[in-house]
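The letter at position 18 of the sequence shown is residue 1044 when you use the working numbering, and the numbering goes up by one with no holes.
Quick reminder that beta carbons are idealized off the backbone N, C-alpha and C, glycines included.
A short worksheet on the structure shown next.
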Amino acid sequence: MPTLADARRVIAAAEKKSAEIGQPMNIAVADEGGNIIAHVRMDGAWIGSIDISQKKAYTARAFDIMTKDLATHSQSGGQFFGIHASNNGKIMIFAGGIPLKKDGKVVGAIGVSGGSGDQDHAVAEAGAAAF
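Set out below in structure tokens:
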């Protein structure tokens, strides 16, 4: 399970990437149960993305899948169509959520929101790589 120190390291790496691309972000790190360990809203990041970043982290952990990949399978006609309506609306089906793994096992997740899907995913990848 990620510790607070782990979460801070993940967030710092994500913040660095966010600054490099010039897009302020909300960055959340969740534990094995999908509970938020830490969250940062960078200066200028959208307040509406606070909730989204946290839900992306929850989704990535709840289904042990990158939200970018879940999005692909949840479109009309896809095997997971309608999944976003489950879990009392906590499921986010667009890029920016990535599971965090230790020894091949998912132990948490990062969720990022505040830019385009590609930007959110790139920032989440940078954070996950620091784990």
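* Asked: Where does the unbroken alpha helix (DSSP H) through residue 1071 begin, and where does it stop?
  -> Stepping through the sequence shown from its first residue, residue 1071 is reached at position 45. Premise fails: residue 1071 is in no alpha helix (DSSP H) and is neither H nor E.
* Measuring alpha carbon to alpha carbon, tell me which of 1075, 1061 and 1131 ends up nearest residue 1053. => Against the sequence shown, residue 1053 aligns to sequence position 27. Here the closest residue by C-alpha is 1075.
* Asked: Among all the DSSP beta bridges, which residues are the ones paired with residue 1096?
  -> Residue numbering aside, residue 1096 sits at position 70 when the sequence shown is read from its first letter. Beta-bridge pairing links residue 1096 to no other residue.
* Asked: Are the Cβ atoms of residue 1140 and residue 1081 separated by less than 8 Å?
  -> For this step, residue 1140 is matched to residue 114 along the sequence shown. For this step, residue 1081 is matched to residue 55 along the sequence shown. No, these two residues do not count as a Cβ contact at 8 Å.
* Asked: residue 1044 lies in the alpha helix (DSSP H); which residues open and close that run?
  -> Working through the sequence shown from its first residue, we reach residue 1044 at position 18. Where residue 1044 is concerned, the enclosing alpha helix (DSSP H) stretches over 1030-1047.
* Counterpart residues of residue 1125 in DSSP-defined beta bridges -> By 1-based counting over the sequence shown, the position of residue 1125 is 99. DSSP output for residue 1125 lists 1135 as bridge partner(s).
* Asked: Should residue 1043 go down as buried or exposed, given a rule of 16 or more other Cβ atoms within 10 Å for buried?
  -> Along the sequence shown, one-based indexing puts residue 1043 at 17. By the 10 Å Cβ count, residue 1043 comes out buried.
* Are three or more beta carbon pairs between the segment 1145-1155 and the segment 1122-1134 nearer than 8 Å? -> yes
* Asked: Around the C-beta of residue 1108, are 16 or more other C-beta atoms found within 10 angstroms, so that it is buried, or is it exposed?
  -> Residue 1108 sits at position 82 when you count from the first residue of the sequence shown. The residue is exposed, with fewer than 16 neighbouring Cβ atoms inside 10 Å.
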